[in-house]
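In the order they appear, the protein sequences are chains A and B. Mind the numbering: the first sequence is residues 1 to 546 in full-length UniProt numbering, read in order. Mind the numbering: the second sequence is residues 1 to 645 in full-length UniProt numbering, read in order. What follows is a set of notes on a single structure, which appears directly below.
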Amino acid sequence: MSNGPLIVQSDRTVLLEVAHPDAENARHDIAVFAELERAPEHVHTYRITRLGLWNARAAGHTADEMLATLTRYSKFDVPQSVAIDILETVGRYGRLVIERDADGTLIVRSNDEAALNQISRSKRIAPLLTQQIRADAFSVEHWARGQLKQELVKQGWPAEDLAGYTPGTPHAISLTDDWSLRDYQKRAIENFQTGGSGVVVLPCGAGKTLVGAGTMAAVGATTLILVTNTVSARQWRDELLKRTALTPEEIGEYSGQLKEIKPVTIATYQILTAKRKGEYAHLSLLDALDWGLIVYDEVHLLPAPVFKLTADLQARRRLGLTATLVREDGRESDVFSLIGPKRYDAPWKEIEAQGFISPAECFEVRVDLPQSTRLEYAAAADNERYRLAATAPAKLETVKRLVADHTGEQILVIAQYLDQIEELGAALGVPTLTGATPVSEREQLFQEFRTGAIPVLVVSKVANFSVDLPDASVAIQVSGSFGSRQEEAQRLGRLLRPTETGHTASFYTLVARDTVDQEFAQNRQRFLAEQGYSYTILDASALIKK
Amino acid sequence: MTSVLSLSSQLSGATTTSLEITLTERQVTAAGIKDFFDLATALMRPESLTLALGQLERSALAILSTLATETNAGQWMTIDEIVAALSAANPDSKITPELISTHRDRLATLALIRVENEAIMGWPEVDSILEMWPTHGLPGHRQLTQLVPPTLMDALPHTELETVDRHAAERAFALVQAVAELIAELSVQPAAVRARGGLTLPTTKRLAEALRVDIDWVPFALDLAGQTNLAQPSADGWKPTPDAREWLATPAPERWAFLAQRWYSRTPPDITQALAQHPRHVWGDTVRTLMPWLYPGGRKSTAEWIETVLREARFMGIFTNDSASSFAYALTTEGPAAAAAALAPLFPAEVSTVYIQPDLTVISPGPLLATLDTRMRRLALVENRALAATYRITETTLLRALNAGDSVEDIRTFLTEISLTGIPQPLDYLLTETVRRHGSIRVEELTPTGGIGDSLARSRITATDHHALATLLVDRNLQHLSLSRSASDALTSPIRTSVVLASLQEARYPAAPAEAANRGASSAPVTHEAPHTPHTEASAQEAPDHDPDAAPLSPVQLLIAKLRKNQSEQGAETVEAGFNRQLSLAVKAKSTIRVSLVAPNGATHEYTILPTSVSAARLRGLDHVSDVERTLPIGWITAVETIEG
C-alpha cells in the first residue's frame, strides 16, 4: 500500500484526496479510464465504468496499465473484485473486430470462438449477420454497421471498428492566422484524427467550436454540422467565418427557415428529425453531399431519432462535441457505439486553472414568502406551489439589489415565467428575450449585449443552450424548471466564458425559503458543489440591508 | 412400544435446555404432539431416526453400531466395554473413555440411546435402522468401527499465500463491516420475524441493501450476530444487544477474530484439529476429504454441508481458493489474539478525521473509528461505505439528531474536532437554520379528558409563531390529519401523535415531539437495543415464564411449554396414560401383546394376550396360553411389548 491519494472502493468508485501531494498526477493518470463523477472541494469521486474502460482501451491503454495506475496511487489495496472486473471488462474490448474483407464485404471477426458463437446466437444480432464465411468471421448486412456496434456494446462485447471511412469530397479548409489553437485543443484534434471518430469533451467556454474548426481543417473535406437550434447554427457560421478561410458562399444553413446545402452545411437536430406524413422529410440531407466529416454539437443532447439515423452514417467520420457525457436519458452507450469512443476529456477545473475559463462563485439567496402568499402556498396544489415559490415577490427587490451590486458587469437574469420576465424587464428597465422573440431581434439583442451596449438582459430558457454570450459575468436565476444537471451545466456555462474585464463570474439563484423551491435548490447546490464551485447561502434580508 | 414409554419418561425428566437441543437438532415439529409420549413416538419414527443418524459423525455411529451388535435387547454396556470393543476392531485408533463419554452425553440428548447409572443401552429402533444401512449402500458395522481417518493431502501445487492473505483480509474486512452495518441498521429499525420464524422478504432485502451483501447472506450474518450475542430477537424483532456496543469499540481485527472464533466453534472438533495440523494451503482439500469420512451416514446432506462450510469460510475471509489465510490459521493454532495480531497489518488503518465538503457530504478517507462512525450516523445518512465512507448531512438528519437530544453546540464541536477542513459555509448555514426552526412546531400526545370537543383529540400541536398554525390549518397536504383549532395557540388532531409528527415532517414543517423540543442537550439518543439476557439453564420444573417485552418464544420453546403444561396437568398419571394409549392402539390393531405387571402383594406376572378392550382402567383380552379372558388393572402394568400385529 502506497498511502497515495486514491481510495479504490469495491463499488468501482475511486476517491481522490485533492490535498495529497500526488493528487495532480493521480488525477491526470486515472482520468484516462475513470469518469469524474463529483469534484467537490476536498475529495473527488471517479467511477470506473464499462464505457470508461472501453474508452481507455480504444485509446490504446491496457488493463495492466490501468491497474498499475490504481495500485501506484492507492492508499489501500485495490479490491480483488475491482481488479478482476477491470481485467475482464477491458479484455472484452476489441475481441470482436468489424472490418472489410478483400472484396469490401463488411464482416465481424474474432479469434474468440466462444464470443463469436455467443453473439451469432443472439436474437438481436443474428438478423444483422448474413452468413458465417469462415470459422472466425461472419459477414454483416451492409446497412448494419452501426446497429451491430450498438447491440455488441449492450451485450458487453464492444467491437473495434476498423472498417474505415469514406474520405468524402475533398474541400480545403484553412484556419486564419490571427489566432492559434490552444494546446489542449490541438491534443483533442490530434486524438480525434488518430481515432477516426469519437467525442471530445470540453467545458463550456473552452472552445469546442474551435476544436470543430480545427478538425474540419485537418480533415479537409465537406462537412455537415448538426447543432441544437438556429441561433446556435448562426453562431457556428459566424465563428467559422472568423476562424477559417471559409467564405459565406461555402457555408450553408439548413434549418426551418433556410435550406442551403453547401460544402459546409450547418443543420439543426430539429430539422433532421422533422416528419412529414410519418416520414423523416429531410433525410436526403445526409446524402446530399459526400460528407467527409459530420460534427455533432452538444452530443449529449442528440435526440433519440438521430441515433437511428447516425447508425446509417458509420462510414463517415463523426466528431461529437460536448461539455458532458452524462445524458439525462442514460443513452451514453449509444454515443459510444454510434459516434465513437471519447477521444479527449479535460476536467473543467484543470482548464480553469490554466486561465482559459473564468472561475465562478455560486450564491443561493433565500427570500421569505409573505404570510399571505404562504397561506396561499399551503392551500395550493403541488403544481401551483412551484409557481408561487418561483415568483415570490421578494425576488424582485433582491434582483434589483444584485444588479446594483454588479454595476459595470454584464448581467443575465434568467426566469421561467413570461409574466415574471416582463415584470423583471420593466422593473429593471432592460430588454427581455423569450422564445417568442424573433430570431433577428434575438441576434440583435445578443449583439448589443456582447458589445456592452446592453448591460442587463432578462432571458427565458431559450438562452440556455448553445448561445454564446461572452461578456456575461453575472447570472441571476430567479426561477427555472426543476434543476436538471444538464440545465445547471448550461447555466453555469454562460458564466464560464472568458471575460475581458477580469471579473470573477457570479451565479446567483434566488430561492423561496421553506418551499419546494428550496428542495430544487438542494439539487442545484449538490450539483454545483460537486462540480467544485464555491457555494454560499445568503439571506436576502441581509443582502438588502447591506 | 417399550422404547417409546422409556423415552417418554426420559424426556419428561430432561431439563428445558436439554429438551431444546433435542427438539432443535432432531428437527421436531409441533404437529400432532400433545405430550411426552407423542414426542417419544415422533422421535422413534424410522424417518426421524434416519435423519438423526445421517448427521452423526463416524465415532458416534461406531458407538451405536457397537451397542446394536455387541448386546442383546435390554442389555447395557459400560464405557469401558465400548472402548474395549472398538479398540479390538481398531488397534491403531485412539479411542478413549473421554471420547465415548462425550458422545454418550450427546447421543442421550439426541434421544438415540438410554443411559442409566453410567451404563448405556441402545434403542432397538436405532439398531434396526443401522442394520439396514448396508442394504442402502451405507456402511455396516465393520466399516463404521474403522476409526482411523484417511490420509490427508499435504502437498499441493504452490499457492501464493501472500495473495491469499490479501484477498482473505479484504473479505474479513467486508464481514466486519457487514456485521457493524447490521447492528447499525437493527438499532434504527429492528428486523421483524415471521410467526413461523425467519425474516420477512422485505426485511431481508432491506438488510441486504444496508449490509451490501447478497440477499442469501443475510440469514448467515444475522445468525452470526445472534450466536455472538451482538443481536438478539425481541418482541419487536431482532435488535442489537449491549454487547454490540462493546464489540464495535474494539479494533477491527479483534472484531473479526471474535466472529471467526464463534464460527469455528460450530465446526466439528475433528475438522478444527485437522486444520490446525495441516499447512494452510491444503485446507479446502482437508475439509473435502475429512468430511465424508467423518459423516458417513448422510452423503447427500454432507456434500451440501461441505459446500456450505467452504462458502461461509470464504465469505468470512478464512479461505481463499481453498487456502487458509494466515490469520485463520493463527486462530486455529494460537487463538483469537494471535489471529487479530496477524490480521492487523492487512486491514486498512482506521481514521479519526474526515473531510466535510460544501455539497454537505462527509468523507472519511478510510474506515472511520467505530465510535465516531456511530456518532456520525446520528447526524447523517450513510451514502456509501466500503474502505472509505461517505455520509450526507441534510436538514432531516440534523432534525433527527436534535430530536434525539443533541444540541447544536454538541454537533458543531464534534464536527469541528473531526473535520480536516473545518465546517463549510453551506453546512454552517444549514445548522443555524435548522436550529432556528427546530421545535418551532411541537407535537404532543393528549390524554383524552372526556370533555366535549377534545374528547377525540389524540395529538396537540403548538407553535412559537401563530402564523404557522394558520398555515397548517389550510395546508392541503395535511388534510388527512383533520386539524382543528383548540385554542389561539394550539391545534388538535384525532390522529396518533407519531402519524401527525411524520406527516408534518414529510410536508417539510420543522415539527418535533414536545419533549424533544424541551429537552436539554444531554439526553440520550433514541435507539433500539435488546436487553442483555444472560443464558440460564431452566430446570425441568420451570415453566417458561414469558415476559411480553422479552423475545418471542421460538416454535421449539412453545412446544416445550405445551409439553410442560400437559405434564403438570396429567401429573403422575402420565405413565398410566401412556399404557392406556399403547393398549388402545393394540386393541385397534388387533396385535398380540406381552404384558408384565406387579400385583399389590408384590407378585409379578407376565401374560400374552390379544387385547379386546380398554375401559374403566382395565384391560380385557384373550389369553391364548390358558385360553381364558383376562381383565387386568392398568395401574398394575409395568411393561407392554408387542408380539405381533
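A virtual CB, placed ideally from N, CA and C, is assigned to each residue, including glycine.
Residue i, enclosing beta strand (DSSP E) - first and last residue
| i | result |
| --- | --- |
| A512/A | 505-512 |
| G298/B | Note, G298/B: premise wrong, no beta strand (DSSP E); not H, not E. |
| W238/B | 237-240 |
| Y329/B | Run containing Y329/B: none in the beta strand (DSSP E); it sits in the alpha helix (DSSP H), 326-333. |
| A616/B | Element bounds for A616/B: n/a, residue is neither H nor E. |
Residues that residue i contacts on chain A, provided the C-beta gap is smaller than 8 Å
| i | result |
| --- | --- |
| R476/B | A378, A379, A380, A381 |
| P97/B | Near P97/B there are no residues of chain A at all, since even the closest Cβ is about 48 Å away, more than 8 Å. |
Rounded C-alpha distance that separates residue i from residue j
| i | j | result |
| --- | --- | --- |
| H103/B | T66/B | 13 Å |
| V439/A | V231/A | 7 Å |
| E65/A | A83/A | 12 Å |
| K242/A | L283/A | 30 Å |
| L43/B | I33/B | 11 Å |
| Q314/A | K149/A | 10 Å |
| G480/A | H44/A | 28 Å |
| D112/A | F138/A | 13 Å |
| L294/B | R314/B | 22 Å |
| L456/B | P494/B | 5 Å |
| K205/B | I215/B | 6 Å |
| Q410/A | I454/A | 8 Å |
Close Cβ partners of residue i (< 8 Å) along its chain, the five nearest in sequence each way excluded
| i | result |
| --- | --- |
| N384/B | T390 |
| residue 647/B | What the structure shows of chain B is the stretch from 1 to 645, and residue 647/B is not part of that stretch, so it cannot be assessed. |
| V83/B | I95, T96, P97, I100 |
| L67/A | V78, A83, I86, L87 |
Collapsed DSSP secondary structure at residue i in the structure displayed
| i | result |
| --- | --- |
| residue 664/B | The first residue shown for chain B is 1 and the last is 645, placing residue 664/B beyond what the model contains. |
| A137/A | strand |
| L175/A | strand |
| V299/A | helix |
| K461/A | helix |
| D101/A | coil |
| E41/A | coil |
| Y391/B | strand |
| V625/B | coil |
| L129/A | strand |
| F220/B | helix |
| D545/B | In this prediction, D545/B has a pLDDT of 48, which is less than 50 and means its spatial position is unreliable; nothing more can be read from the coordinates. |
| H136/B | helix |
| P494/B | coil |
| Y509/B | coil |
Contacts around residue i, its chain only, beta-carbon distance under 7 Å, and the 5 residues preceding and following it disregarded
| i | result |
| --- | --- |
| H141/B | S65, T69 |
| R392/B | L360, T361, A380, L381, E383 |
| A244/B | I183, L230, A231 |
Where the alpha helix (DSSP H) through residue i begins and ends
| i | result |
| --- | --- |
| Y533/A | Element bounds for Y533/A: n/a, residue is neither H nor E. |
| M376/B | 370-379 |
| S187/B | 161-188 |
| D183/A | 183-195 |
| L420/B | Note, L420/B: premise wrong, no alpha helix (DSSP H); not H, not E. |
Partners in chain B for residue i, counting only beta-carbon separations shorter than 9 Å
| i | result |
| --- | --- |
| V43/A | Y355, Q357, T361, I363, P365, A388, T390 |
| A529/A | Q357, P358, D359, L360, T361, P424, P426 |
| Y93/A | Going along chain B, no residue has its Cβ under 9 Å from Y93/A, so there is no contact; the nearest lies around 26 Å. |
| T71/A | Under the 9 Å cutoff, chain B gives no residues; its nearest Cβ is about 12 Å from T71/A. |
Own chain partners of residue i with C-beta closer than 6 Å, once the 5 adjacent residues on each side are dropped
| i | result |
| --- | --- |
| residue 652/B | The shown model of chain B, from 1 to 645, leaves out residue 652/B, and the question about it has no answer. |
| Q75/B | none |
| I461/B | V443, L491 |
Neighbouring residues, chain A, relative to residue i (Cβ below 7 Å)
| i | result |
| --- | --- |
| P251/B | Simply none; closest approach about 16 Å. |
| A470/B | L375 |
| R311/B | Simply none; closest approach about 16 Å. |
Proximal residues of chain B, C-beta to C-beta of residue i below 8 Å
| i | result |
| --- | --- |
| R57/A | Chain B residues near R57/A: none, gap ~25 Å exceeds 8 Å. |
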